[in-house]
Structure formats: C-alpha cells, structure tokens
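K.L.:
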Amino acid sequence: MINLLIGGILGLIITTVGFDLIQNSDRNLTIQTVTNIVIALATVVAVAINYLSIKSQKENRRWEVNKDVLIKVSTTLSDLMSQTGKLSDNAFSDIQGIPEEHKFSPDNSIYSKFEQYLEHTVSAYAPLLSRDIIVAIEKYKKADSNISHAYNIDEFDIFQAYDASYAAQEELMKTLNKSIKKYAAI
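Taking numbering that gives the first Met the number 0 as reference, the numbering of the sequence shown is continuous, increasing by one, and the terminal residue is 185.
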C-alpha cells in the first residue's frame with residue numbers, strides 16, 4: 000500500500016514538472032519550482048521512513064510478546080521429537096528382532112509438558128500469534144488424535160504410530176521455526 004502511495008506521489012510530481020518543461024521548452028526552472036520539488040521528495044522520504052519505522056516497531060513488539068511462548072513450545076517439541084525418534088528406533092529394532100544396544104526409558108513428563116504448552120499457547124496467545132501457527136497446532140492436535148485412535152483400534156502398530164507422530168511433530172516444528180525466524184527478523 001505504501002509503495003502505491005509513494006509511487007503515486009512521485010509520479011504526480013514528475014508528471015507535473017515534466018509536462019511543464021515539455022510544454023514550455025523556453026521556460027527555465029525557477030528556484031521556487033526546484034524548492035517545491037525538493038520539499039515534495041523530502042516529504043515522500045519522511046513518510047516512507049515513518050512507515051517502515053512503525054512496521055519495524057510492530058514486529059519487534061510482536062516478537063517480545065511471543066518470544067517466551069514460542070521458545071518454550073519449540074524447546075519442548077524438540078525434546079519430544081528426540082524422545083519419539085528414539086522410541087521409533089527401538090520399536091523398529093524390536094520388530095526386526097535386532098537386540099537393543101542400550102535401554103531407553105521414555106520420560107512421560109515431556110509429552111504432558113508439551114501438551115500443556117500447546118493448550119496454553121492456543122488459549123492465551125492465540126490472538127497474538129499468526130494464523131499459521133494456530134493452524135499448525137490444530138493440525139498437529141488432530142493428527143496426534145488420529146494416530147492415537149489408529150493405534151487403539153490396531154490400525155497402526157507401535158512403530159507406525161511413533162513414525163507418524165514424529166512426522167506430525169516435524170511438520171509443527173517447521174512452522175514454528177519459520178514463525179520464529181519471521182518474528183525475530185532473522
């Protein structure tokens with residue numbers, strides 16, 4: 000929008016001055032005309048700087064407000080992905096009859112903490128977050144519910160459930176990382 004406004008103002012100035020010069024070729028530019036052109040260009044530059052400054056401040060405020068919740072969700076999701084990956088590897092090894100090199104016992108508190116952060120994010124921070132994050136969280140919740148249901152009715156074995164969970168978590172992580180980069184202006 001601002002580009003259209005700046006382009007319109009510059010176009011009007013250039014057209015007005017250019018038309019005057021073309022129509023009256025023997026007429027010289029006066030100091031007053033040059034001064035008016037410089038003032039008009041300075042005004043356009045000032046409006047552009049003001050607009051960009053306000054936009055930058057808005058993005059900075061959005062990052063400061065959302066920083067804690069996005070980092071917490073991203074960190075716990077990373078922990079959950081690590082755990083899900085190990086559980087998936089163990090389930091695959093078990094299916095293939097490969098003996099485990101080391102015993103891994105899952106930490107159930109990671110999943111409950113992640114679910115708590117997701118609920119808190121959706122209920123408290125939804126108006127402040129971008130629509131992409133909210134849609135990605137809802138998509139993850141639906142996928143997680145479908146995976147649990149498929150496992151409960153024996154449609155998925157344990158490896159397929161862990162593998163599908165990891166894929167859903169990875170998709171959510173991509174969206175979170177993209178939003179964090181956008182908000183942090185990286």
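Cβ coordinates follow ideal geometry from the N, Cα and C atoms, glycine included.
(1) Under the three-state reduction of DSSP, which class applies to L127: helix, strand or coil?
(2) Can you give, in chain order, each stretch of the beta strand (DSSP E) that sits fully within the region 57 to 94 and has at least 3 residues?
(3) Go through its chain and collect everything with a Cβ distance to T83's Cβ below 8 Å, but skip five positions before and after it.
(4) Is I109 near D78, with beta carbons less than 8 Å apart?
(5) Considering only their Cβ atoms, is the gap separating L175 from S73 smaller than 8 Å?
(6) Evaluate the contact criterion for the region 123 to 132 versus the region 56 to 67: three or more CB pairs, one atom per stretch, below 8 Å.
(7) Take I136 as the anchor and find which of E114, I12, I97, A183 has the nearest alpha-carbon.
(8) My understanding is that A41 touches I5, with C-beta atoms under 8 Å, so please give their C-beta distance in whole angstroms.
(9) When you compare only the Cα positions, how much space is there between S104 and K85?
(10) Taking 7 Å as the limit between beta carbons, can you name the residues of its chain near I179, skipping five residues before and five after?
(11) Measure the alpha-carbon distance for I94 versus S55 and round it to whole angstroms.
(12) To the nearest angstrom, report how far apart K102 and D156 are at their CA atoms.
(13) Quick check: the Cα distance between Q31 and I38, rounded to an integer number of angstroms?
(14) With DSSP as the reference, label D153 as helix, strand or coil.
(15) Alpha carbon to alpha carbon, what distance is there between Y182 and D131?
P.N.:
This is what the structure gives:
(1) Locating residue 127 in the sequence shown gives position 128, counting from the first residue. L127 falls in the coil class under three-state DSSP.
(2) none
(3) The residue you call residue 83 lines up with position 84 of the sequence shown. Counting only Cβ-Cβ distances below 8 Å, and skipping sequence neighbours, we find Y161, S164, Y165, Q168.
(4) For the purposes of this step, residue 109 is taken as residue 110 along the sequence shown, with counting starting at 1. For the purposes of this step, residue 78 is taken as residue 79 along the sequence shown, with counting starting at 1. In contact: I109 and D78 (Cβ atoms closer than 8 Å).
(5) Along the sequence shown, one-based indexing puts residue 73 at 74. Along the sequence shown, one-based indexing puts residue 175 at 176. Closer than 8 Å, so yes.
(6) yes
(7) Residue mapping note: residue 136 aligns to position 137 of the sequence shown, counting from 1. Per the Cα distances, E114.
(8) On the sequence shown, residue 41 is found 42 positions in, with the first residue counted as 1. On the sequence shown, residue 5 is found 6 positions in, with the first residue counted as 1. 13 Å between Cβ atoms; not a contact.
(9) Counting from one through the sequence shown, the residue named residue 104 turns up at place 105. Counting from one through the sequence shown, the residue named residue 85 turns up at place 86. Their backbone Cα atoms lie some 9 Å apart in a straight line.
(10) Here the question's residue 179 lines up with position 180 in the sequence shown. L69, S73.
(11) Position 95 of the sequence shown, counted from the start, is the residue given in the question as residue 94. Position 56 of the sequence shown, counted from the start, is the residue given in the question as residue 55. Near 53 Å, if we compare the C-alpha coordinates of S55 and I94.
(12) What you label residue 102 is simply residue 103 of the sequence shown in a count that begins at 1. What you label residue 156 is simply residue 157 of the sequence shown in a count that begins at 1. When rounded, the distance between both Cα atoms is 20 Å.
(13) As a first step, residue 31 is located in the sequence shown; it is residue number 32 there, counting from the start. As a first step, residue 38 is located in the sequence shown; it is residue number 39 there, counting from the start. Roughly 10 Å separates the two Cα atoms.
(14) For the purposes of this step, residue 153 is taken as the residue at position 154 of the sequence shown. Coil, per DSSP.
(15) Counting from one through the sequence shown, the residue named residue 131 turns up at place 132. Counting from one through the sequence shown, the residue named residue 182 turns up at place 183. Distance between the alpha carbons of D131 and Y182 is about 12 Å.
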